[in-house]
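Here is the structure we will look at, set down as structure tokens.
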Amino acid sequence: MEMRWQVTVLVAACMILLVAEAAFSPAGDMGYQQRRPIVHRTTTVHRHAGSAPTELKGLSQKVYQFTQKVDHFDPLNGKTYQQKYIVTDDNYVPGGPIFLFLGGEAPVEFFDFQTVLPRSLTKQFGALYIALEHRFYGVSMPAHDYSTASLALLSSRQALADAANFLVSFNKTLTNPGPWVVWGCSYSGALSAWFRAKYPNLVVGSVAPSGPVYASLNFTQYYGVFSTAASPQCVETVKRATAMLMAKLSTADGRKELTEISASPQEHYYFLLTLTEAIGGSDQFQNPPAWPLNTTCNTMMQSGDLLANWAQVVNQANGPKAPNACNDFNEETSYLKPLRQPTSSDRSWLFQQCTEFGFFMPTYPGTSVFPLMDLEHQVKWCQNVFGVSGMTPNTEGTNAYYGGYDLRGSNILFTNGDADPWHTLSITKDLPAPAGVRAVTYAAGHCAPMTQPTSQDPVSLQHARVVVANFIASLVQP
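Under mature numbering (1 follows the signal peptide of the UniProt record, and there is no 0), the residues of the sequence shown are numbered -22 to -1, 1 to 456, in order.
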């Protein structure tokens, strides 16, 4: 009876894991918003406690639209669409630098918490700040729907061409245009690095926080980093909890207790992925003041039943209850199939995963402390959602085009957190000459230097912000 109660608690927690029908609802207690497990998002809304820093209070955010080309690589296609961008000009001095933040896999306004640093630096440098929304996210739609045919217009190369066209056109509106610096965070951090590499004549440099420039089909490091980011005691506890769960699944009686979870192999797999996400996603967002990995580990190591503790971690990560059942694979894929979701970014980002980047996060023996979750199941999501037989991401083509770890460019600065699994797909050390690519690391998580400073910031994180400011000064000051 006791074991039955443990499973019931875990099922109940699993039932509330997928709390948001939209991708970006308010964060849970641990300071970050859990991803939908199928959609391996590089970034989500990361909210800090308290109000915006003093230097940002009163700064305006004026919303505009730019008439953008639908297809930059088809000279016969003269169609256009309206691309959203946001301008903050309160501190701008004509002739001063222009900070262009490239939007990523979400509506552009959802990056407010990851753009504190560039907006606060506008005062120091007399800069103009612009945030440009990525095509097929938010309201910037080159097509009327999210069908597979329409999403053929969605790619990082089209997004970079969007930014280049926007920059050239916007410059014509300025009487005394200054130097442009391109910024990003996570996927858009990679975009910013690639933009400087591909369009070096348009910007003087790039800041690329947590930018995964290496496209990886088999991203086993994502859950593997937990073993080095968490304490040895926490790692051992999660390992024991995983063994307890898998032992239950390996017996007839145990499987019977989990019948409503594992009605099919796909749902069984999805259940394990969802539970793994609750713990394994916390290291990505190991930023102050929430420190979600610490909260996760403290909960897992408290006295009591390990599966009940695991259920509590799920609750902490996701907050209010919702009717979504995490074991319903068909419901999840159905969620991603509708062709008209003007505020949802999940389908768009999965398409980019399935065509360009992979970023699938399987686990195998020896790669992590979590349950086995093979790559094949995750690749099948591409085929199930988009209806294309044999659909597989062209990661080799992406790395050949952009360079992967061997990025060719100059005046590019990467910042990466040791606890963030995405640092394994980014650049964490200065590249040897003649490459002009620099890197700084810090003891925290995803895009931390871009967020609001707190009293709990480690010295290495404070130093990273100073490095970024000095880097900008070297680019824009005589």
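Ideal placement from N, C-alpha and C gives every residue a C-beta, glycine not left out.
With 16 or more other CB atoms across the displayed protein chains lying within 10 angstroms of its CB, Arg443 is buried. Secondary structure of Asn69 (DSSP, three-state): coil. With contacts defined as CB atoms closer than 9 Å, Leu78 and Ala171 fail to qualify as a contacting pair. In the DSSP annotation of this structure, the continuous segment of the alpha helix (DSSP H) that includes Ser147 starts and ends at Ser134 to Asn149. Around the beta carbon of Glu354, fewer than 16 other beta carbons lie within 10 angstroms, which makes this residue exposed.
Ala207 is not a Cβ neighbour of Asp435, given a cutoff of 9 Å. Taking a cut-off of 8 Å for Cβ pairs, the segment 184 to 193 and the segment 213 to 232 do not touch, as fewer than three such pairs fall below it. Following the DSSP letters along the chain, one finds Leu169 inside the alpha helix (DSSP H) bounded by residues Tyr165 to Lys176. Proximity to Ser388 across Phe335, Asp324, Leu453 and Ser404 peaks at Leu453, based on C-alpha coordinates. Annotation for Pro266: Thr432, Gln434 and Asp435 place their beta carbon closer than 6 Å to its own, counting only its chain and skipping 5 residues before and after. When the alpha-carbon of Leu251 is set against those of Val203, Phe263 and Met339, the nearest one is in Met339. Just measuring C-alpha positions, the residue of Gly414, Gln61, Asp408 and Ala139 sitting nearest Arg386 is Gly414.
According to the DSSP secondary-structure assignment, Gln61 is paired through a beta bridge with Phe44.
The straight-line gap separating the alpha-carbon atoms of Thr100 and Ile108 is approximately 11 Å. A distance below 9 Å separates the beta carbons of Lys62 and Val41.
For Ser118, the pairing in a beta bridge is given by DSSP as Tyr115. Contact between Tyr192 and Thr254 is absent: CB atoms are separated by about 22 Å, not below the 8 Å threshold. Closest option to Thr58, judged by alpha-carbon separation, among Thr370, Val48 and Ile64: Val48.
Look at the beta carbons and you see the segment 142 to 149 not touching the segment 120 to 129: under three pairs across the two are nearer than 8 Å. Taking a contact as a CB-CB distance under 8 Å, the pair Pro349 and Gln199 does not count as one, their CB atoms being some 17 Å apart.
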